[in-house]
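Residue numbers (this note's numbering), protein chains in the order written: chain A, 18 to 601; chain B, -7 to 159.
Given below as structure tokens:
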């Protein structure tokens, strides 16, 4: 059916848009930017903040354009004295209840509230609010909340409830006492938060940020007795540049490596190498389950946010989880075993830092079951992409002018398979490349599996492998994970292998990735653009299957033995346990 | 904080829980089920402790944070049970101008609870109410059916001691 088109004028400009479009969206198509604060397309459309009000001819009051649908013949004005006055007044009132320590706020240049004040020409706040003190809640390993900077836009709440269906935060109390918190105002560490950090990237102000690991990393770098090793996750190389004003989807791997070396890390390795090991182990585990009647569907365990969600909400599905550690943890475990032995360094003197697109990784590195037989934790500190950018800026490096560097080879050689881990579907495709090659031989096996690519929340595909049809599913965003798991449990959905990523779109859209305003996020496909850069890098790699990685071959041949073998199991696998949702 | 978890241990009976389960079953899947279910829960248990809110959240398959958000928004919902001695300090206009805030403050300090709260032993619960129609006696406080008028903050201690002595 053809979509009905609606004609209207906005600021005297004729506009034709499909029925159901909001005035705010229609205005964008006419090149008019209506200011907004609580609006996050598809996630938070509640018309609460009143920043986007417009005058509609014939309507008595001003209308919130983010939720006001267009109608035939509508006459809209977005920039009248009445509109400007209302927006300024509202913003001044919001600012009067906001702790404005902008110069020392971590959000500083990324703050949407600050940008709004500039855009609307606010030069003074006429209303004196309470003298706000910081209200720091820092119980969780990954996040710090300061409600004195919260504007109650509810974007965090909407993401947590709708995208993730975790729903651990909400507005508590009423009136002036309204604040965002968990049920019974419990600490975030006490509720079933999965640490995905999607609330942080949704937040317009400095009310939410990651728990910074920068101080301990700087301390380790300054300690002459510590051998400090770093490795960035697959997706970080295609997002880090955004922190320095580069276009979304720019691959800055070489510059990133140079920056890490100049920061003083003793070895700059690549978590991509860890990802190749994950594929070898996970691929082997899948083939064993397939051939020996093991628990199916097997579900990936790379995403710690997803793993925690499973432990809390679907403990009965834990046997389906792959026992593989995540690439980050495999990487750390190999640094503190294989590398330590080769380099002749006591693992206890090695400090491993990972650069992650993710806030849940900060939680994962502290999980007890990750501890190695030698007593070490595989990774000592996980920095987000944003934290790395801060370190680079603070060190005075002009990132865009840095020369291209190369990873230290011992654990710094990767394949196209590991590069695409950063996008939803990447782990599945990487695993299928190796599994198919094992079953059909390298020559005959397909190399690309386009059915599992793309940013859709749930993707399905069926592949005919020798002797067996393999049904796979790729899902990102925990709300989608819930749909798939309920389908699997009821028998409506049948798969052999499922990839789950907690964040919608996978790691390229992780909670630790560079910040963009809600308007940028609403009207640009950040996930697709970032993922495209990963697939492009994959195409240019000399090795595109994990088992072709020469470093991996060497380590299995000389150190680990067989994939899934005894030592591989000790170093690269772990078990997961049910966790309580409520702590009464 | 009055809205945080109550200090009094949960004492719901299996019969009460069964009644709540029936209410949840009757409302399950309906849009806007939270309010009527919470109203019924408060009728059954007299208040909305965490244990009851978890039953509602799991029963309706909605986040506990959403249930708590509703329960803490509406003043009709109470997160604490009523005490053996229910104290009400009137903050109506007449009482307020006659110094009711000082009286309330004295009760809060003496019992270490805020309005809406209850002492851990369940003896005293405290509410701030609006006009009870005894403006001539302002400021007024009631404890169960006893009325105390023309109060000053320093009288609060001895009055409460009387009830403490009764146990």
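All C-beta atoms, glycine included, are put in the ideal place defined by N, C-alpha and C. Predicted, not measured: the structure shown is a model, and the values here were computed from it.
Taken atom to atom, the span from the alpha-carbon of residue 584 of chain A to that of residue 320 of chain A is near 23 Å. Excluding residues up to 5 positions away in sequence, 271 lie with their Cβ nearer than 6 Å to the Cβ of residue 421 of chain A in the same chain.
Looking at the DSSP output, residue 493 of chain A bridges to A:518. Residue 118 of chain B carries a strand assignment under DSSP once its states are collapsed to helix, strand and coil. Within the region 168 to 195 of chain A, 178, 184, 185, 186, 187, 188, 189, 190, 191 place their CB atoms closer than 7 Å to a CB of chain B, listed in sequence order. Residue burial is scored here from C-beta neighbours: residue 135 of chain A has fewer than 16 other C-beta atoms within 10 angstroms and is therefore classed as exposed. For the 8 Å CB-CB criterion, residue 148 of chain B and residue 99 of chain B form a contact.
Within the region 353 to 418 of chain A, the beta strand (DSSP E) runs of at least 3 residues that lie entirely inside it are, in chain order, 367 to 373, 398 to 401. In the DSSP assignment, residue 188 of chain A falls within the beta strand (DSSP E) that extends over 187 to 189. When C-alpha distances from residue 536 of chain A are compared across A:108, A:151, A:132, the shortest belongs to A:132. A direct Cα-Cα distance of roughly 21 Å separates residue 365 of chain A from residue 378 of chain A.
At the C-beta level, residue 372 of chain A and residue 340 of chain A stay beyond 8 Å of one another.
Within the same chain, Cβ atoms closer than 6 Å to the Cβ of residue 534 of chain A are found at 129, the five residues on either side in sequence being excluded.
In its chain, beyond the 5 residues on either side, 440, 525 have a beta carbon closer than 6 Å to the beta carbon of residue 548 of chain A. Taking C-alpha positions only, residue 384 of chain A is separated from residue 591 of chain A by approximately 11 Å. Where residue 82 of chain B is concerned, there is no enclosing alpha helix (DSSP H), although the beta strand (DSSP E) around it starts and stops at 77 to 82.
Our two residues, residue 500 of chain A and residue 510 of chain A, have alpha carbons roughly 10 Å apart in a direct line.
Here the C-alpha atom of residue 150 of chain A lies approximately 26 Å from the C-alpha atom of residue 175 of chain A. Contact between the region 420 to 434 of chain A and the region 221 to 239 of chain A is absent: fewer than three C-beta pairs spanning the two stretches fall below 8 Å.
Checking the DSSP bridge columns, you'll see residue 244 of chain A partnered with A:367. Exclusion of the five residues before and after residue 238 of chain A leaves 245, 281 as the residues of its chain whose Cβ lies within less than 6 Å of its Cβ. Below 8 Å, too few C-beta pairs join the region 99 to 115 of chain B and the region 54 to 62 of chain B to call them touching: fewer than three. Interface residue (Cβ-Cβ distance to chain A less than 8 Å): residue 55 of chain B is classified as such. Taking C-beta atoms as the reference points, residue 324 of chain A and residue 593 of chain A count as a pair closer than 8 Å. For a Cβ distance threshold of 7 Å, nothing in chain A lies close to residue 7 of chain B: the least Cβ distance comes to about 21 Å. In this structure, residue 214 of chain A sits near residue 376 of chain A, with a CB-CB distance shorter than 8 Å.
Secondary structure note for residue 31 of chain A: its beta strand (DSSP E) is the uninterrupted segment 30 to 35. The C-beta of residue 65 of chain B comes closer than 8 Å to at least one C-beta of chain A. Remark: C-beta atoms of residue 561 of chain A and residue 434 of chain A approach each other more closely than 8 Å. Residue 106 of chain A counts as exposed, since fewer than 16 other C-beta atoms from the protein chains shown sit within 10 angstroms of its C-beta. DSSP places residue 306 of chain A inside the alpha helix (DSSP H), whose first and last residues are 288 to 309. Within the region 315 to 332 of chain A, no residue has a Cβ lying closer than 7 Å to any Cβ of chain B.
If you look at residue 254 of chain A, you'll find it isn't in any alpha helix (DSSP H); DSSP assigns it neither H nor E. Taken residue by residue, none of the region 368 to 380 of chain A has a beta-carbon sitting less than 9 Å from a beta-carbon on chain B. The secondary-structure analysis by DSSP pairs residue 161 of chain A across a beta bridge with A:226.
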